[in-house]
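Residues in the sequence shown are numbered from 123 upward in steps of one, following the working numbering.
All C-beta atoms, glycine included, are put in the ideal place defined by N, C-alpha and C.
A short write-up of the structure that comes next.
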Amino acid sequence: MRSLQSLEAFLWKVVTWPIHFPRTLWRVLRNPIAVSLYTRRQLLQQPDRRFSGMLSPPLMLILSIVLAHLLGFAIPDRPSPWVPGELLTLLVRSFSYGLYALIPAMAMLRVRRVRVSRTTLREPFYIQCYLASPLSILLIAASLLADIQVALAMFLTALACIWYLFSQIALLRRFLDLPLLPATFIAISRFVVATLVVLALMDLLRSASLTHVA
123 MRSLQSLEAF LWKVVTWPIH FPRTLWRVLR NPIAVSLYTR RQLLQQPDRR
173 FSGMLSPPLM LILSIVLAHL LGFAIPDRPS PWVPGELLTL LVRSFSYGLY
223 ALIPAMAMLR VRRVRVSRTT LREPFYIQCY LASPLSILLI AASLLADIQV
273 ALAMFLTALA CIWYLFSQIA LLRRFLDLPL LPATFIAISR FVVATLVVLA
323 LMDLLRSASL THVA
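As structure tokens, this is what we get:
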């Protein structure tokens with residue numbers, strides 16, 4: 123009986139994803155600071171009552187990466203999404219773009235001089251997951267379009283970076299009470315570090331794919 127109830131609850135959550143995903147994405151894009159404050163309040167609630175009006179931050183980030191990846195198969199001459207190489211690409215992307223949430227979250231703890239642990243990392247990581255979601259969608263879309271629509275890919279990349287950095291700076295100033303210049307430095311430096319790691323991992327994946335094909 124308990125297993126049946128758990129299955130029912132899981133199915134209910136899954137069927138509401140198409141409703142909550144665009145709503146959550148819009149709220150993050152429109153007011154990332156308000157969403158960050160909402161995240162802080164939700165983490166004070168009981169686990170079964172958290173994020174009832176939005177997708178939880180980690181789930182939002184994962185779905186953003188998966189949906190952006192799957193949309194790439196609308197591009198002509200793309201392989202099937204179910205071939206092993208594409209599944210590996212999705213896994214690497216999920217880990218890589220998760221760094222856009224993890225690295226700034228750790229920076230927030232460092233500024234606060236708080237020791238990193240699963241408990242202390244939860245709040246900043248959840249907040250950063252929301253910010254990383256639209257960033258991941260736009261950057262993955264740009265990478266998929268780079269070979270066929272260079273101008274559009276560059277526009278999406280610029281749009282993603284500008285929105286993310288402005289949101290990140292505003293977040294750091296609000297939550298850490300930092301002046302503009304230190305907040306800007308932390309936001310840009312952590313973004314550059316995360317981007318370099320993501321590019322390195324994706325390049326390693328491409329090299330491995332070429333070696334396998336050869």
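{"Check": "Complete beta strand (DSSP E) runs within the segment 263 to 317 (minimum length 3 residues, chain order)", "Outcome": "none"}
{"Check": "Beta carbon of F247 nearer than 9 Å to that of L224", "Outcome": "yes"}
{"Check": "Whether Q290 touches F307 by CB criterion (9 Å)", "Outcome": "no"}
{"Check": "Reference A266; option with closest CA among P180, T241, L189", "Outcome": "According to the sequence provided, residue 266 is Leu. The question's Ala does not apply to it. Comparing Cα-Cα distances from L266 to each of P180, T241, L189, the minimum goes to L189."}
{"Check": "Through-space distance from R149 to R328, alpha-carbon basis", "Outcome": "35 Å"}
{"Check": "Cβ neighbour criterion (16 or more within 10 Å) applied to A196", "Outcome": "exposed"}
{"Check": "A292 versus V157, H142, H191, residue with shortest Cα-Cα distance", "Outcome": "V157"}
{"Check": "Cβ-Cβ distance between L294 and L300 below 9 Å", "Outcome": "yes"}
{"Check": "Beta-carbon proximity list for T317, same chain, < 6 Å, skipping 5 on both sides", "Outcome": "none"}
{"Check": "Whole-angstrom distance between Q167 and L274, CA atom to CA atom", "Outcome": "42 Å"}
{"Check": "At least 3 beta-carbon pairs within less than 8 Å: the segment 277 to 291 vs the segment 207 to 216", "Outcome": "no"}
{"Check": "Anticipated Cβ contact below 8 Å, T161 with P179, distance rounded", "Outcome": "6 Å"}
{"Check": "Neighbourhood of Q250 by C-beta distance below 6 Å, restricted to the same chain and skipping five residues each side", "Outcome": "A223, P226, A227"}
{"Check": "Reduced DSSP secondary structure (H/G/I, E/B, other) of F195", "Outcome": "helix"}
{"Check": "Segment limits, alpha helix (DSSP H) that includes R163", "Outcome": "154 to 164"}
{"Check": "Whole-angstrom distance between I259 and A280, CA atom to CA atom", "Outcome": "13 Å"}
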